[in-house]
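Asker: Residue numbers (this note's numbering): -7 to 183.
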């Protein structure tokens, strides 16, 4: 069982890497097989639903990576210093990952080609917004954030700013818009 789980994960990671480099449309099962060292028989054993099921697994993996990339900061948004550390981490991570960031793969690529993967993207956004909203509420309770702000709407704006900034990063190679947008959000939140 352990070996099977490792093989399945290797296939999913190979597919994710291929999609990050080449895009969903250009990635074939042969590409994934070469990269993962598996044959089509193994891929269909672990993904009997074929490409759609594999795309769903990639979406789930990339959604989890988005959260892993933001820890431990995402769950500790309770002060100005914590928000600034989280912002710095996000900008640095996406700048370093550039065109190969998990969020870009999930939101801009895989989610467009699979209804199930789109559902994973929607779940990611909801979960992420809940974490940010909890941070806003905690920071408001500590007296360090604007108490008049609606926490859920502000969290939605923060998530949209990150996604928009990552989209601009994917098309220009620059994290400047991501950083500027987050700075504006934090200035508004922490005023």
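Using N, Cα and C, we set each Cβ at its ideal position, and we do this for glycine too. Nothing here was measured: the structure is a model prediction, and the numbers come from that model.
Just to confirm before moving on: does the CB-CB distance between residue 62 and residue 81 stay below 8 Å?
Answerer: Locating residue 62 in the chain shown gives position 70, counting from the first residue. Locating residue 81 in the chain shown gives position 89, counting from the first residue. Yes, they are a contact pair.
Asker: When burial is assigned at 16 or more other CB atoms within 10 Å of the CB, is residue 157 buried or exposed?
Answerer: Here residue 157 corresponds to residue number 165 of the chain shown, with the count starting at 1. Residue 157 comes out buried.
Asker: Given a threshold of 16 other Cβ atoms within 10 Å of its Cβ, counted over all protein chains shown, does residue 107 qualify as buried or as exposed?
Answerer: Counting from 1 along the chain shown, the entry for residue 107 is found at position 115. When all chains shown are included, residue 107 counts as exposed.
Asker: Under a Cβ-count criterion, where at least 16 other Cβ atoms within 10 Å of its own Cβ denotes burial, should residue 28 be classed as buried or exposed?
Answerer: Stepping through the chain shown from its first residue, residue 28 is reached at position 36. It is buried - the Cβ of residue 28 has at least 16 other Cβ atoms within 10 Å.
Asker: Closer than 8 Å is the cut-off here; do at least three beta carbon pairs connect the region 55 to 69 with the region 154 to 173?
Answerer: The region 55 to 69 is not in contact with the region 154 to 173.
Asker: Would you say the beta carbon of residue 31 is closer than 7 Å to some non-hydrogen atom of the ligand SAH?
Answerer: This structure lacks the ligand SAH; in fact it carries no ligand of any kind.
Asker: What does the alpha-carbon distance come out to for the pair residue 120 and residue -5?
Answerer: Position 128 of the chain shown holds residue 120. Position 3 of the chain shown holds residue -5. Computed Cα separation, rounded: 32 Å.
Asker: Measure from the alpha carbon of residue 112 to the alpha carbon of each residue in 95, 40, 123 and 150, then state which is nearest.
Answerer: Within the chain shown, residue 112 is the residue found at index 120, counting from 1. When only C-alpha atoms are compared, the closest one is 95.
Asker: For residue 156, which three-state DSSP category applies?
Answerer: Taking the first residue of the chain shown as position 1, residue 156 is located at position 164. In the structure shown, residue 156 sits in a helix (DSSP, three-state: H, G or I).
Asker: Taking just the CA atoms, how far does residue 17 sit from residue 35?
Answerer: Start at 1 with the first residue of the chain shown, and residue 35 comes out as number 43. Start at 1 with the first residue of the chain shown, and residue 17 comes out as number 25. Each residue's Cα considered, the two are about 18 Å apart.
Asker: Since residue 147 and residue 124 are thought to touch, with beta carbons under 8 Å apart, how far apart are those beta carbons, to the nearest angstrom?
Answerer: Residue 147 sits at position 155 when you count from the first residue of the chain shown. Residue 124 sits at position 132 when you count from the first residue of the chain shown. Going by Cβ atoms, the distance from residue 147 to residue 124 rounds to 4 Å, so yes, they are a contact pair.
Asker: Does residue 25 come out as helix, strand or coil in the three-state DSSP assignment?
Answerer: The residue you call residue 25 lines up with position 33 of the chain shown. In the structure shown, residue 25 sits in a helix (DSSP, three-state: H, G or I).
Asker: Give a yes or no on whether the C-beta atoms belonging to residue 48 and residue 7 are separated by under 8 Å.
Answerer: As a working note, residue 48 is residue 56 in the chain shown. As a working note, residue 7 is residue 15 in the chain shown. No, these two residues do not count as a Cβ contact at 8 Å.
Asker: What's the gap between the Cα of residue 10 and the Cα of residue 19?
Answerer: Taking the chain shown and counting its residues from 1, the one referred to as residue 10 is at position 18. Taking the chain shown and counting its residues from 1, the one referred to as residue 19 is at position 27. The straight-line gap from Cα to Cα measures roughly 6 Å.
Asker: Hey, would you say residue 182 sits closer than 8 Å to residue 79, going by beta carbons?
Answerer: One-based indexing of the chain shown puts residue 182 at position 190. One-based indexing of the chain shown puts residue 79 at position 87. No, the pair does not count as a contact, with Cβ atoms beyond the cut-off.
Asker: At what residue ranges does the region 25 to 80 contain a whole run of the alpha helix (DSSP H), taking only runs of 4 or more?
Answerer: Listed in chain order, they are 32 to 38 and 43 to 61.
Asker: Who are the Cβ neighbours of residue 171 in its own chain at under 6 Å, not counting the five residues just before and after it?
Answerer: Within the chain shown, numbered from 1, the residue matching residue 171 stands at position 179. Cβ neighbours of residue 171 beyond the five flanking positions: 83.
Asker: According to DSSP, is residue 167 helix, strand or coil?
Answerer: Residue numbering aside, residue 167 sits at position 175 when the chain shown is read from its first letter. Coil at residue 167, not helix or strand.
Asker: Just verifying my parser: in three-state terms, what is the DSSP assignment at residue 136?
Answerer: Taking the chain shown and counting its residues from 1, one reaches residue 136 at position 144. Of the three classes helix, strand and coil, the one that applies to residue 136 here is coil, per DSSP.
Asker: Of the choices 132, -1 and 26, whose alpha-carbon is the least far from that of residue 71?
Answerer: Within the chain shown, numbered from 1, the residue matching residue 71 stands at position 79. Of the listed residues, the one whose Cα sits closest to residue 71 is 132.
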